[in-house]
Amino acid sequence: MKKINVAEDIVPIGEFKTHASELLRQLHATQRPLVITQNGKPAAVVITPDAFEEIERRELVKAKVAAGIASVEREGTLSSSEVRARLKAKIRASSGAR
Numbered sequence: 009m010k011k012i013n014v015a016e017d018i019v020p021i022g023e024f025k026t027h028a029s030e031l032l033r034q035l036h037a038t039q040r041p042l043v044i045t046q047n048g049k050p051a052a053v054v055i056t057p058d059a060f061e062e063i064e065r066r067e068l069v070k071a072k073v074a075a076g077i078a079s080v081e082r083e084g085t086l087s088s089s090e091v092r093a094r095l096k097a098k099i100r101a102s103s104g105a106r
């Protein structure tokens, strides 16, 4: 997501209501968030669906990384020989199950 251009990307709610279609076209063209103000204060931020999905993906990755770090801190890690032994055991078990 691109940085906000203060001169173009901050609009009062009245202007947004009047020029919504034009501002949404601008949003998609520039890929910058649009800040809507109410009584001179930020009230909402409008972003494209792609930008929203990217934020969700990043949050999911952060949560998975945090869970992985917590797991390592709680349970420790395996050596490469332990990983190989476990993989070989799984392969043998799945070959025998056929």
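Taken in order, the sequence shown gives residues 9 to 106; the numbers are from the working numbering.
Built from N, CA and C at the ideal position, the CB exists for glycine as well.
Remember, it's a predicted structure, so these values are computed and weren't measured experimentally.
Under 7 Å between C-beta atoms of residue i and residue j
i: K10; j: R33; result: no
i: P20; j: T45; result: yes
i: I18; j: V43; result: yes
i: F24; j: L31; result: yes
Three-way DSSP call (helix, strand, coil) for residue i in this model
i: I99; result: helix
Distance between residue j and residue i (C-alpha atoms, nearest Å)
i: A59; j: S79; result: 30 Å
i: V91; j: E81; result: 18 Å
Residue i - partner residues in DSSP beta bridges
i: Q46; result: K49
i: K57; result: Per the sequence shown, residue 57 should be read as Pro rather than Lys. None, per the DSSP bridge assignment.
is_contact[residue i, chain D] using C-beta, thresh 7 Å
i: P41; result: The structure shown contains no chain D; it is built from a single protein chain.
Own chain, CB closer than 8 Å to residue i, minus 5 neighbours either side, in chain order
i: S88; result: none
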